[in-house]
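**Student:** I'd like to ask you about the structure that follows.
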Amino acid sequence: MHCSAKEVYQKLLKLHGPQGWWPLFHLEKDGGYHIGDYSYPRNESEKFEVCVGAILTQNTTFKNVEKCLALLHQNGICDPSSLLKASSQLVIESIRPSGYFNQKFKKLLIFSEFFISLKQETPSREQLCGLWGIGPETADSILLYAYEVPIFVVDAYTQRIFSHLGFVQGSFNYSRLQSYFMDQLGSDVELFQEYHALIVAHAKSFYARKPYGASCPLLNKY
DNA sequence: AACCAGGACGTGA
DNA sequence: TCACGTCATGGT
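Right, here's the structure in full:
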């Protein structure tokens, strides 16, 4: 027997504190993390930055992405139209530190066209997943952190942690795990934003290296 | 020096 | 559906 998804959240929050996701490059304080302030993003520019970050951070540390965001700003190509007009050389050199630069270059161009076509509207999950380069997790990250749509983000860490906690029987399935959390937690944007960030923080602390969860405080305490 | 990072896509069973 | 190779830089 294990505790509920909500109880795990409370424990994670006590352990790590509020995380202030999604970080925004131009916020000087706390490296862009706006801890305890859920009023972001506040404009189209900030939304686009979250989307770009979500694409660039695929299978890469956000630390590397921050280097890219700095270069994109420095090179004046941190908005969709500038990004589309810029030379491929300049864009690729700006996103190189996040790896997979050929693929991510193509992803950014496709997404920029799409972002412009939205005209300030909120995209659907189907629209996002239909774009080449946007899979389930990136789509959900964009919806939750850029557009404040109440959807739970599942990632490799989520599966790793909750399988160790005994929440996941059988094989990992994105939509199954996602609907589990959304059924248990109800519809709460701020909760979802904080929860996913806490999962990442917790995974970095206790599930980064094998044996996973060796000293995880959630395992032996109850 | 192998391993992992805030994944997604293409391919072949 | 599901497993596997590929994409690439940077830190441990």
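Numbering-wise (my numbering), the first sequence opens with residue 1 and increments by one.
Glycine residues also receive a C-beta, built at the ideal position from the N, C-alpha and C atoms.
Rounded to whole angstroms, how far is the Cβ of Val50 from the Cβ of Tyr157, which I believe are closer than 8 angstroms?
**Tutor:** That pair is no contact at about 19 angstroms.
**Student:** Using only CA atoms, which one of Val189, Leu219, Val200 lies nearest to Ser39?
**Tutor:** It is Val189.
**Student:** Which residues bound the alpha helix (DSSP H) around Val52?
**Tutor:** Where Val52 is concerned, the enclosing alpha helix (DSSP H) stretches over 44 to 56.
**Student:** Spatial neighbours of Gly36 within its chain, please: C-beta separation below 6 angstroms, excluding the five flanking residues on both sides.
**Tutor:** Closer than 6 angstroms at Cβ, skipping near neighbours: Pro18.
**Student:** Under the three-state reduction of DSSP, which class applies to Gln10: helix, strand or coil?
**Tutor:** It is helical.
**Student:** Can you tell me the Cα-Cα spacing of Leu56 and Asn75, whole angstroms?
**Tutor:** For Leu56 and Asn75, the distance between alpha carbons rounds to 17 angstroms.
**Student:** Leaving out five residues before and five after Pro150 in sequence, what residues of the same chain have Cβ atoms less than 7 angstroms from its Cβ?
**Tutor:** Ser187, Asp188, Val189, Phe192, listed in sequence order.
**Student:** State the Cα-Cα distance for the pair Ser179 and Phe162, rounded to the nearest angstrom.
**Tutor:** So the alpha carbons of these two residues sit roughly 14 angstroms apart.
**Student:** From the DSSP output, in three-state form, read off Arg176 for me.
**Tutor:** If DSSP states are grouped into helix, strand and coil, Arg176 belongs with the helices.
**Student:** Take Lys221 and list the residues in its own chain whose beta-carbon comes closer than 8 angstroms to its own, dropping the five residues that flank it on each side.
**Tutor:** Because Lys221 carries a pLDDT of 48, less than 50, the predicted location of this residue cannot be relied on, and the following value inherits that uncertainty. For Lys221, where only same-chain residues beyond five positions count, there are no Cβ hits under 8 angstroms.
**Student:** Quick one: Cα of Glu44 to Cα of Glu148, how far?
**Tutor:** In a straight line, the C-alpha of Glu44 is about 13 angstroms away from that of Glu148.
**Student:** Within a Cβ cutoff of 8 angstroms, which residues of the same chain sit near Val168, ignoring the five residues on either side of it in sequence?
**Tutor:** Same-chain partners within the cutoff: Gln159, Phe162, Leu177.
**Student:** Considering only residues of the same chain and omitting the five flanking positions on each side of Ile116, which have a CB-CB separation below 6 angstroms?
**Tutor:** For Ile116, where only same-chain residues beyond five positions count, the Cβ hits under 6 angstroms are Pro80.
**Student:** Pull up the distance between the alpha-carbon of Asp183 and that of Lys106, whole angstroms please.
**Tutor:** Roughly 36 angstroms separates the two Cα atoms.
**Student:** In or out: Glu7 buried (at least 16 other Cβ within 10 Å) or exposed?
**Tutor:** Burial call: exposed.
**Student:** Mind the definition here: the segment 93 to 108 touches the segment 51 to 70 only if three or more C-beta pairs lie below 8 angstroms; say whether that holds.
**Tutor:** Contact between the segment 93 to 108 and the segment 51 to 70 is present, because at least three Cβ pairs lie under 8 angstroms.
**Student:** Count the other CB atoms, across all protein chains shown, that sit within 10 Å of the CB of His2; report buried if there are 16 or more and exposed otherwise.
**Tutor:** Exposed, because fewer than 16 other Cβ atoms sit within 10 Å of the Cβ of His2.
**Student:** Determine the burial state of Asp155: buried for a count of at least 16 other Cβ atoms within 10 Å of its Cβ, exposed for fewer.
**Tutor:** It counts as buried.
**Student:** Can Gln103 and Gly133 be called in contact, C-beta distance under 8 angstroms?
**Tutor:** Yes, these two residues count as a Cβ contact at 8 angstroms.
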